[in-house]
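S.K.: Let me give you the structure first, and then I'll get to my questions.
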Amino acid sequence: MPSQKVLLIYPLLNRTKGERDYHWFPFSVLPIAKSLRELNLEPIVVDRRVEPESIETIKGHLQDSLMVGISALSGYQITDGLHVAKIIRGLRPDVPIVWGGWHSTILPEETAQDSCVDVAVAGRGEDAIKDIARSYLGAKGLGSIKGIAFSDDKEVRFTGYRETKQFVDDVRGYDDFIDVKRYINPKTMAIGYFSGHGCSFKCGFCSRHFMTNKYSPKPIERVMDELAYYITKYGFKHIHFQDDNLFLDIRRVIELSKAIVNADHDVSWWANVR
1 MPSQKVLLIY
11 PLLNRTKGER
21 DYHWFPFSVL
31 PIAKSLRELN
41 LEPIVVDRRV
51 EPESIETIKG
61 HLQDSLMVGI
71 SALSGYQITD
81 GLHVAKIIRG
91 LRPDVPIVWG
101 GWHSTILPEE
111 TAQDSCVDVA
121 VAGRGEDAIK
131 DIARSYLGAK
141 GLGSIKGIAF
151 SDDKEVRFTG
161 YRETKQFVDD
171 VRGYDDFIDV
181 KRYINPKTMA
191 IGYFSGHGCS
201 FKCGFCSRHF
211 MTNKYSPKPI
221 ERVMDELAYY
231 ITKYGFKHIH
241 FQDDNLFLDI
251 RRVIELSKAI
261 VNADHDVSWW
271 ANVR
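In full-length UniProt numbering, the protein residues as written are 1 to 274.
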């Protein structure tokens with residue numbers, strides 16, 4: 001019977017581990033973990049930023065893993081991801097290594113050329129990762145999966161970008177995969193949160209349009225339910241809305257602000273404005 005674990009690795013963002021006292025959740029891998037659990041697989045999230053013994057954790061789960069996922073932005077996160085991937089290759093040359101994140105989204109074919117990459121995912125990975133897992137479980141070949149690049153007979157194939165669906169993931173349950181206490185800054189008690197994804201503009205300096213130019217906000221009621229879950233359970237006092245462009249819909253921001261005040265959670269919030 002094939003292995004049921006899937007390692008999901010979030011590499012270091014900087015060369016020095018301790019340059020920050022706290023970090024936001026590893027948002028790029030947590031929705032992937034929830035998707036894989038829907039297939040009755042066991043996702044193991046390893047965040048290199050907060051786990052001093054992360055390599056030992058990886059080694060401990062590697063022999064039972066169906067595949068390994070690595071999420072990376074362009075920059076040092078690729079360097080650290082490759083460092084980990086080479087360790088994995090040395091210990092288990094047969095285990096597939098799947099890369100996702102912004103770098104593989106923008107440059108899927110280039111990413112797939114590396115010997116430490118078996119599959120590069122372009123775009124949101126919640127659906128693609130399930131198709132990839134099914135492929136490695138013997139359901140179908142990689143060539144039938146949209147939104148990926150991979151080597152086929154020493155040539156890189158890109159299957160084209162997958163049509164982006166509205167993002168509807170519920171962040172409640174993310175704490176099944178991470179120790180939330182590792183992400184709490186006792187000085188600020190702040191939590192990062194996405195109330196929606198996407199942006200309708202195509203600014204030249206922004207990579208968002210590689211995925212979609214649609215704005216997918218969550219309903220305000222659901223936003224408040226999700227925030228209440230973490231505020232009540234962990235005592236967060238500040239919310240950092242990390243939406244690509246929260247103020248795209250001013251009426252929604254006003255509605256959200258009123259909902260936060262009326263909820264009487266005694267929290268403040270901030271966000272970037274464009």
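Built from N, CA and C at the ideal position, the CB exists for glycine as well.
Please name the residue in D266, H265, N245 and K258 whose C-alpha comes closest to that of N272.
M.R.: Numbered from 1 along the sequence shown, position 272 holds the residue referred to as residue 272. Here the closest residue by C-alpha is N245.
S.K.: Kindly give me the distance between the Cβ atoms of P219 and E126, rounded to whole angstroms, as I take these residues to be in contact under 8 Å.
M.R.: By 1-based counting over the sequence shown, the position of residue 219 is 219. By 1-based counting over the sequence shown, the position of residue 126 is 126. Not quite, the Cβ-Cβ distance comes to about 19 Å (not below 8 Å), so this is no contact.
S.K.: Whole-angstrom Cβ separation of F241 and Y193, contact assumed at under 8 Å?
M.R.: Taking the first residue of the sequence shown as position 1, residue 241 is located at position 241. Taking the first residue of the sequence shown as position 1, residue 193 is located at position 193. With 8 Å as the limit, F241 and Y193 qualify as a contact, their Cβ atoms being about 6 Å apart.
S.K.: Below 8 Å, can you find three or more Cβ-Cβ pairs linking the stretch 222–235 to the stretch 168–186?
M.R.: Yes, the stretch 222–235 touches the stretch 168–186.
S.K.: Taking the C-alpha atoms as reference points, what is the distance between H238 and V253?
M.R.: On the sequence shown, position 238 is the one that residue 238 refers to. On the sequence shown, position 253 is the one that residue 253 refers to. Their Cα atoms are separated by approximately 16 Å.
S.K.: Could you tell me how far apart the beta carbons of A72 and G101 are, in whole angstroms, since I believe they sit closer than 8 Å?
M.R.: Numbered from its first residue, the sequence shown carries residue 72 at position 72. Numbered from its first residue, the sequence shown carries residue 101 at position 101. The pair is a contact, with the Cβ atoms about 5 Å apart (cut-off 8 Å).
S.K.: My output table needs one value for K34: the three-state DSSP class, helix, strand or coil.
M.R.: As a working note, residue 34 is residue 34 in the sequence shown. In this structure, K34 counts as helix in the three-state DSSP scheme.
S.K.: Buried or exposed for I250, going by 16 or more other Cβ atoms inside 10 Å?
M.R.: In the sequence shown, residue 250 corresponds to position 250, counting from 1. I250 is exposed by the Cβ-count criterion.
S.K.: Taking only the alpha-carbon atoms, compute the straight-line gap between I78 and H103 and give it to the nearest angstrom.
M.R.: For the purposes of this step, residue 78 is identified with residue 78 of the sequence shown, where counting begins at 1. For the purposes of this step, residue 103 is identified with residue 103 of the sequence shown, where counting begins at 1. Their backbone Cα atoms lie some 8 Å apart in a straight line.
S.K.: Can you give me the start and stop residues for the beta strand (DSSP E) that V98 sits inside?
M.R.: By 1-based counting over the sequence shown, the position of residue 98 is 98. It spans I97 to G100 - the beta strand (DSSP E) in which V98 sits, taken as one unbroken run.
S.K.: Rounding to the nearest angstrom, what Cα-Cα distance links P93 and P26 in this structure?
M.R.: For the purposes of this step, residue 93 is identified with residue 93 of the sequence shown, where counting begins at 1. For the purposes of this step, residue 26 is identified with residue 26 of the sequence shown, where counting begins at 1. Between P93 and P26, the C-alpha separation is close to 26 Å.
S.K.: Can you tell me the Cα-Cα spacing of I148 and V121, whole angstroms?
M.R.: Locating residue 148 in the sequence shown gives position 148, where the first residue counts as 1. Locating residue 121 in the sequence shown gives position 121, where the first residue counts as 1. For I148 and V121, the distance between alpha carbons rounds to 5 Å.
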